[in-house]
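J.: Note that full-length UniProt numbering numbers the sequence shown so that position 228 is 228, with each residue one more than the last.
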Amino acid sequence: MSLASYSASRKNHLDSLARPKVNFNKQQDRPSVYWVDKIPSVSTCGTSQRQEDLAKPKKVITINEDRPSPIWPVSSSALSAVPSGRVQNLAQPKKTSQEWKEDRPAYSTVSEGAKKASASPRTTQLAKPKHRATCSLPGTPNSHQESGKESARSIKSAPTARTEALAVPKVEHPEYQHDLSVVRPVPSSALHTQATDRVCQLAKPSPRKIVSDVHDPYRISPAAKHAEASPRIQELCTPPARRQRAKKM
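See below:
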């Protein structure tokens, strides 16, 4: 291969690589599908008169019929009007409460007496932190572990005989029977027992009449047709007087 042909093939390959990729998601114009002699002209989109009217900005009305001018004339009666006592009372601003106090400043001033004050022995004793051992139980002071002497609090909190009696767990009742085990042997008397005639009679299912296809559930017996209601049934069937209404003719 000559140098000229190699350079030409390399140039064609670079041109093919430089072409952008085709976007298949974008709809492309395919004039061959129209089956016409020439490519149809692309119609330009235009706006209608209504769209042009809507696109125009709203006009600012400078002159209002109700307020033709920002300077309103004041009538002579309004100039010479005198407010009543009620109007003057309502026009006065609200006064602050007598118990209202301003917020304290962020940097409060310390009085000279507080600067020269000395703490009492009791305050110094309460200000000391409690020393607790790392391995001590919660709520147990370190002084209890270091000294073998019992404090007055531990002596007062000692359990009494009544407390120890109540702390004893309850014992099961002597006649209490535990649940039977799931797998238990069956006694021989239960294996060789025989059911009585009454048990066999109760074990039988209740007989039910077989409903045939010829059976009509809506058939009324002749005895029901000639039956007459008793006076008591007629009395119970009669609605109360408050619910009886005269029939409109």
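No residue lacks a Cβ here, since even glycine has one placed at the ideal position from N, Cα and C.
1) Just reading off the alpha helix (DSSP H) that Ile-233 is part of, what are its end residues?
2) Rounded to whole angstroms, what is the Cα-Cα separation between Pro-207 and Ile-220?
3) Return the chain-ordered list of same chain residues with a C-beta closer than 6 angstroms to the C-beta of Asp-197, the five sequence neighbours on each side being excluded.
4) Would you kindly work out how many angstroms separate the C-alpha atoms of Ser-118 and Thr-124, rounded to a whole number?
5) Let's see if you can read the secondary structure: which residues bound the alpha helix (DSSP H) around Gly-113?
6) Reducing DSSP to helix, strand and coil, say where Glu-164 ends up.
7) Which two residues bound the contiguous alpha helix (DSSP H) that contains Ala-224?
8) Following the continuous alpha helix (DSSP H) through Pro-121, name the residue where it begins and the one where it ends.
9) Using a Cβ-Cβ cutoff of less than 8 angstroms, which residues in the same chain neighbour Leu-54 once the five nearest sequence positions on both sides are dropped?
10) Taking just the CA atoms, how far does Pro-70 sit from Gln-98?
11) Going by DSSP in three states, Lys-11 sits in which element: helix, strand or coil?
12) Just how far apart, CA to CA, sit Val-183 and Tyr-218?
13) For the alpha helix (DSSP H) holding Ser-69, just list the boundary residues, first then last.
14) Just curious, the alpha helix (DSSP H) that Asp-197 is in, first and last residue?
15) Which of the three DSSP states is assigned to Ser-181 in this structure?
T.: According to the data block:
1) 231-237
2) 24 angstroms
3) none
4) 10 angstroms
5) 112-115
6) In the structure shown, Glu-164 sits in a helix (DSSP, three-state: H, G or I).
7) 222-225
8) 121-127
9) none
10) 44 angstroms
11) helix
12) Cα-Cα distance, rounded: 56 angstroms.
13) It is not in any alpha helix (DSSP H) - Ser-69 carries neither H nor E in the DSSP assignment.
14) 197-203
15) coil
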